[in-house]
Amino acid sequence: MGGSRVYVGVDVHKNFSFVCVMKESGEVILEKKVRTEELEKLLEDIENKTIILEPTTTAIKLARKLRKNNEILLSHPYKTKLIAESKKKTDKVDARVLADLARTNFLPTAYLPPDEIMELREIIRERIRLKKLSTSIKNRIHSILAKNGIKYDRNLFTSEGREFLYSLNNEWINRYLRILSSIENEIKEIDREIRQKCLENEETMLLTTIPGIGFFSALLIYAEIGDVKRFPNSKKLCSYAGLVPSVRQSGNKVITGKITKEGNKLLRWVLVQCAFVAIRNDEKFRNFYERIKQRKGPQKAIVATARKLLTVVYAVLRDKKPYISYTPTTYGEEFTPVTNWA
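Using the working numbering, the first residue of the sequence shown is number 384, and each one after it goes up by one.
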């Protein structure tokens, strides 16, 4: 296929996918169901194309392969669905809708990180999965003890606690302890890799200068944000993390509510965890937290502190300066997010 620009909407599924090729005029020149494993070859044969995908796991894997030689657009899943449903009442955003929205410049797009960032995300997510698995195993051991009426007042998973567990000579507990030991060894290996990745990266090392942020959280924050320049200001970044209040307007009255919780859940989660550490180790963050806590309670205060922490993250990444370099003598308009603690 040659000629003018064409828009290729691809509705990717695990086994079968749907392809719609549309001219700039809106004329559909190909609509086909293909096996997903055959998608790459089919798309290679189409010239002058923009490929549009929804950001599923399978689609992102395909996008990473194709973007070297093609223009790739990832649709924003939530916003695209809203637009699609306003035009056609369906729960599914199909290939034709993706192509149509792209050719008319109405497609809300999502960020497709470079391969380097994608690899960091994979490391972080694997570490989180293993940690959840470790917690699940520990909970299972606690459950077995409870069923058998066995009590142990101290931490079961210290060296002393594990000796106690082995002394029970319970077949299931011993099996779970072996599994747990294997998982913990894998976590230690990933932690070493995370530390090394941090030490090799300027941005992550800058982030570790911020109170509450260590190697793991620095790498997670950097991987989830990607290029900070894609956010024009810290408010946009806070919105991306879902750490801004929801706003509802009724007549002339504007009502703000709880945080939106839209956007990047993992980034929001780690910032809240870092905020708890920051208020214990940094006077400014602690004072900020206490002021909000007195007015609105501890839950809203820790969320506000997480949002404040993210504005600091934004400034450090934007200016490529460590947090500690912003001393009272260098405070100024260029670093308002850090100095405005009200």
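A virtual CB, placed ideally from N, CA and C, is assigned to each residue, including glycine.
As a beta-bridge residue in DSSP terms, threonine 492 pairs with Ser458.
Excluding its 5 nearest sequence neighbours in each direction, valine 699 has C-beta neighbours in its own chain below 8 angstroms: Leu589, Leu590, Thr592, Ile593, Pro705, Tyr706, listed in chain order. Two segments are said to touch when three or more pairs of C-beta atoms, one from each, lie closer than 8 angstroms; by this definition the stretch 478–492 touches the stretch 384–404.
In the DSSP assignment, the residues bridged to isoleucine 435 are Gly392, Leu456. Shortest Cα-Cα distance from valine 653 to any of Ser517, Thr688, Leu481 involves Thr688. By the neighbour-count criterion, in which a residue is buried when 16 or more other Cβ atoms sit within 10 angstroms of its Cβ, leucine 693 is buried. The Cβ atoms of leucine 626 and isoleucine 507 do not sit closer than 8 angstroms to each other. Bounds of the beta strand (DSSP E) holding lysine 416 are 411–418.
The beta carbon of phenylalanine 598 sits closer than 7 angstroms to the beta carbons of Ile577, Arg578, Cys581, Thr591 from its chain, once the five residues preceding and following it are set aside; these are given in chain order. Between alanine 624 and arginine 651, the C-beta spacing is below 8 angstroms.
Taking a contact as a CB-CB distance under 8 angstroms, the pair leucine 528 and isoleucine 566 does not count as one, their CB atoms being some 19 angstroms apart. If you draw a straight line from the Cα of lysine 521 to the Cα of glutamate 572, it comes to about 20 angstroms.
For phenylalanine 399, no alpha helix (DSSP H) run applies; the uninterrupted beta strand (DSSP E) run containing it begins and ends at 399–406, by DSSP.
Shown here, proline 628 sits in a strand according to DSSP, grouped into three states. Shown here for lysine 416: same chain residues with a beta carbon closer than 7 angstroms to its own, the five before and five after excluded, namely Phe399, Phe401 in chain order. Setting aside the 5 residues that flank it on each side, leucine 426 is surrounded in the same chain by Val391, Val393, Val402, Lys432, Ile434, Leu449, Asn453, each with a C-beta closer than 8 angstroms to its C-beta; the list follows chain order. Rounded to the nearest whole angstrom, the C-alpha separation of valine 611 and glutamate 585 is 13 angstroms.
Taking C-beta atoms under 8 angstroms as the contact rule, threonine 492 and leucine 436 fail to qualify, at a distance of about 11 angstroms. Across the structure, valine 395 and phenylalanine 547 are spaced so that their CA atoms are roughly 51 angstroms apart.
About 6 angstroms separates the CB atoms of leucine 495 and alanine 446; that is less than 8 angstroms, so the two are in contact. Annotation for arginine 504: the continuous alpha helix (DSSP H) segment containing it runs 498–530. Proximity to lysine 451 across Val686, Lys534, Glu423 peaks at Glu423, based on C-alpha coordinates. With 16 or more other Cβ atoms inside 10 Å of its own Cβ, serine 458 counts as buried. About 5 angstroms separates the CB atoms of isoleucine 570 and leucine 513; that is less than 8 angstroms, so the two are in contact.
By the Cβ-count criterion, tyrosine 535 is exposed, with fewer than 16 other Cβ atoms from all chains shown falling within 10 Å of its own Cβ. In terms of Cβ geometry, leucine 490 and alanine 606 do not form a close pair [threshold 8 angstroms]. By the C-beta density criterion, leucine 481 is buried, having at least 16 other C-beta atoms within 10 angstroms. A straight line joining the alpha-carbon of serine 387 with that of isoleucine 596 spans about 50 angstroms. When DSSP states are grouped into helix, strand and coil, phenylalanine 659 belongs to the helix group.
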